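Enquirer: For what it's worth, the working numbering labels the leading residue of the sequence shown as 31, then goes sequentially.
For every residue, glycine included, the Cβ atom is placed at its ideal position computed from N, Cα and C.
Note that the structure is predicted; figures quoted are calculated from it, not measured.
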Amino acid sequence: LGVRASGVGSSDHARARARARGILAPRGRKADAAAEAGVPHGGETMLSAGGRLGRKTLALRGWVARARAGKRARPQRQMGSEPEQDVSLSQVGVTGVSAGALGSLVGLGGGFVAVPMLTQWVGVGQHIATGTSLAVVLMTGSSGAYGYMKNGNIDYEVAAAIALGGMLFARTGANMMAGTDATVLKYYMGLLQVGVSPLIPAKAYLVRSRGSAADDAQNAAAADDATAKPSFDPVKAGKMFAVGSIAGFLSGMFGVGGGALTVPAIALSTDLPQHAVVGTSLMAMVPAAIVGTATNLSNGKISMRIAGPLGAGSFIGATVGSLLLAPLLPEVAMQGLFSVLMATLGTRTVLQARAALRAAGKL
Numbered sequence: 031l032g033v034r035a036s037g038v039g040s041s042d043h044a045r046a047r048a049r050a051r052g053i054l055a056p057r058g059r060k061a062d063a064a065a066e067a068g069v070p071h072g073g074e075t076m077l078s079a080g081g082r083l084g085r086k087t088l089a090l091r092g093w094v095a096r097a098r099a100g101k102r103a104r105p106q107r108q109m110g111s112e113p114e115q116d117v118s119l120s121q122v123g124v125t126g127v128s129a130g131a132l133g134s135l136v137g138l139g140g141g142f143v144a145v146p147m148l149t150q151w152v153g154v155g156q157h158i159a160t161g162t163s164l165a166v167v168l169m170t171g172s173s174g175a176y177g178y179m180k181n182g183n184i185d186y187e188v189a190a191a192i193a194l195g196g197m198l199f200a201r202t203g204a205n206m207m208a209g210t211d212a213t214v215l216k217y218y219m220g221l222l223q224v225g226v227s228p229l230i231p232a233k234a235y236l237v238r239s240r241g242s243a244a245d246d247a248q249n250a251a252a253a254d255d256a257t258a259k260p261s262f263d264p265v266k267a268g269k270m271f272a273v274g275s276i277a278g279f280l281s282g283m284f285g286v287g288g289g290a291l292t293v294p295a296i297a298l299s300t301d302l303p304q305h306a307v308v309g310t311s312l313m314a315m316v317p318a319a320i321v322g323t324a325t326n327l328s329n330g331k332i333s334m335r336i337a338g339p340l341g342a343g344s345f346i347g348a349t350v351g352s353l354l355l356a357p358l359l360p361e362v363a364m365q366g367l368f369s370v371l372m373a374t375l376g377t378r379t380v381l382q383a384r385a386a387l388r389a390a391g392k393l
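1) Report the option in Ala200, Gly287 and Leu371 whose CA atom is closest to the CA atom of Leu138.
2) Indicate the three-state DSSP secondary structure (helix, strand or coil) for Ser299 in the structure shown.
3) Near Ala401, what residues of its chain come up, given a Cβ to Cβ distance below 6 Å and the 5 sequence neighbours on each side ignored?
4) Look up Lys331 in the DSSP assignment and say whether it is helix, strand or coil.
5) Which residue comes first and which comes last in the alpha helix (DSSP H) that contains Pro146?
6) Report all residues from its chain with a CB closer than 7 Å to the CB of Ala383; omit the five preceding and five following residues, and keep chain order.
7) Taking only the alpha-carbon atoms, compute the straight-line gap between Tyr235 and Gly391 and give it to the nearest angstrom.
8) Just to confirm before moving on: does the CB-CB distance between Ser281 and Gly330 stay below 7 Å?
9) Ala348: which of Ala232, Ser120, Gln121 and Val136 sits nearest, CA to CA?
10) Going by Cα to Cα distance, which pick from Val188, Val350 and Thr377 is closest to Leu298?
11) Which class does Phe199 belong to by DSSP, given the choice of helix, strand or coil?
12) By Cβ distance below 6 Å, which residues in the same chain neighbour Ala295 in space, the five residues on each side in sequence not counted?
13) Going by other Cβ atoms of all chains shown within 10 Å of its Cβ, with 16 needed for buried, is Asp185 buried or exposed?
14) For the alpha helix (DSSP H) that Ser120 lies in, which residues bound it at each end?
15) Can you tell which of Ala267, Lys233, Asp211 and Leu312 has the C-alpha that lies nearest to the C-alpha of Met283?
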């Protein structure tokens, strides 16, 4: 007992000397009370300190794990694939077939059909549907432009002027789309559908009116001026640049091809024949679609999982529509019906979006 008491005493004296030298902090009231009661508070203090250190270590490990998980999850969210994990790829494929077939029958890209079907039927978010639709427009438009280019049905001067304006403003439209509320974007898309609906029959009328008469006039001009070099028309180039700027912005903002605007503009501003008008429009909008798609990809507004079946379906639908259905169906009636259908769907979309905005207190 004497040895134990002397050991305790010497230990107390050692702690006191250490505190005097500043090695140990002064004991608090609890420690003094514990010492008076004979409780080995120093061991408990060390134990509680070890517990606090263990808890801090576990918290640090949890923070590191969450940070690593966040880094791994960011690329997946950036590609826009997380919100669409449960969509049916078969429905996406049917959407592509429908958009490609209807677009080929009325002479429009499939974006005006694909975006509403993806959002209202498949259940894809408005931003992802818009960005992915433009990627598909790029694929189908490029293949169509290549076919017209092989047959020599492209005016490269007109196409270059439209493409320059389209490239400059497609990025602006895509960035604005990424920063716009989904319901507001849906509302604007409905307004665009209503505004474009009368252009469908007007575009078809203008293209048909430039058919055989324009071909004859062009052939006669080519025979007279076979050796003359084409002159640059700055007024016409300026008009085409303005048209391309508007079409490029709408393409990036809403994921559509812009043909509803460029085809009538080319038909009114030039004396190109029917096939050259369509081919020039397709070629002109390919660069704008490239810029818009690259911007949407960097903004995380494209789902590669959806783009595959949507693009494949659009290609099949466009092929079936142009080769099998177009010869059997009356073109004028189809264009009038599609115009009425787009105006109806656009009005319905506008009313639904307005109701949602009003319910959310944003209108």
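Expert: This is what the structure holds:
1) As a working note, residue 138 is residue 108 in the sequence shown. Considering only alpha carbons, the answer is Gly287.
2) For the purposes of this step, residue 299 is identified with residue 269 of the sequence shown, where counting begins at 1. In the three-state reduction of the DSSP assignment, Ser299 falls in the helix class.
3) Because the chain in this structure spans residues 31 to 393, residue 401 falls outside the shown range and cannot be described.
4) Counted from its first residue, the sequence shown places residue 331 at position 301. The three-state reading of DSSP puts Lys331 in coil, since its state is none of H, G, I, E or B.
5) For the purposes of this step, residue 146 is identified with residue 116 of the sequence shown, where counting begins at 1. Run containing Pro146: Gly141 to Met147, per the alpha helix (DSSP H) assignment.
6) Here residue 383 is taken as the residue at index 353 of the sequence shown, counted from 1. Hits under 7 Å: Thr213, Lys216, Tyr217 and Gly220.
7) Along the sequence shown, read from residue 1 onward, the residue named residue 235 stands at position 205. Along the sequence shown, read from residue 1 onward, the residue named residue 391 stands at position 361. Cα-Cα distance, rounded: 43 Å.
8) Taking the sequence shown and counting its residues from 1, one reaches residue 281 at position 251. Taking the sequence shown and counting its residues from 1, one reaches residue 330 at position 300. Result no, Cβ atoms of Ser281 and Gly330 do not sit closer than 7 Å.
9) The residue given as residue 348 occupies position 318 in the sequence shown. Closest by alpha carbon: Val136.
10) As a first step, residue 298 is located in the sequence shown; it is residue number 268 there, counting from the start. Nearest C-alpha to Leu298: Val188.
11) Taking the first residue of the sequence shown as position 1, residue 199 is located at position 169. DSSP places Phe199 in helix when its eight states are reduced to three.
12) What you label residue 295 is simply residue 265 of the sequence shown in a count that begins at 1. Cβ neighbours of Ala295 beyond the five flanking positions: Val273.
13) Locating residue 185 in the sequence shown gives position 155, counting from the first residue. Of the other Cβ atoms in all chains shown, 16 or more fall within 10 Å of the Cβ of Asp185; this residue is therefore buried.
14) Sequence index remark: in the sequence shown, residue 120 carries index 90 (1-based). Under the DSSP assignment, Ser120 falls in the alpha helix (DSSP H) whose first and last residues are Leu119 to Val136.
15) Reading the sequence shown from its first residue, position 253 is the one you call residue 283. Restricting attention to Ala267, Lys233, Asp211 and Leu312, the CA atom closest to the CA of Met283 is found in Asp211.
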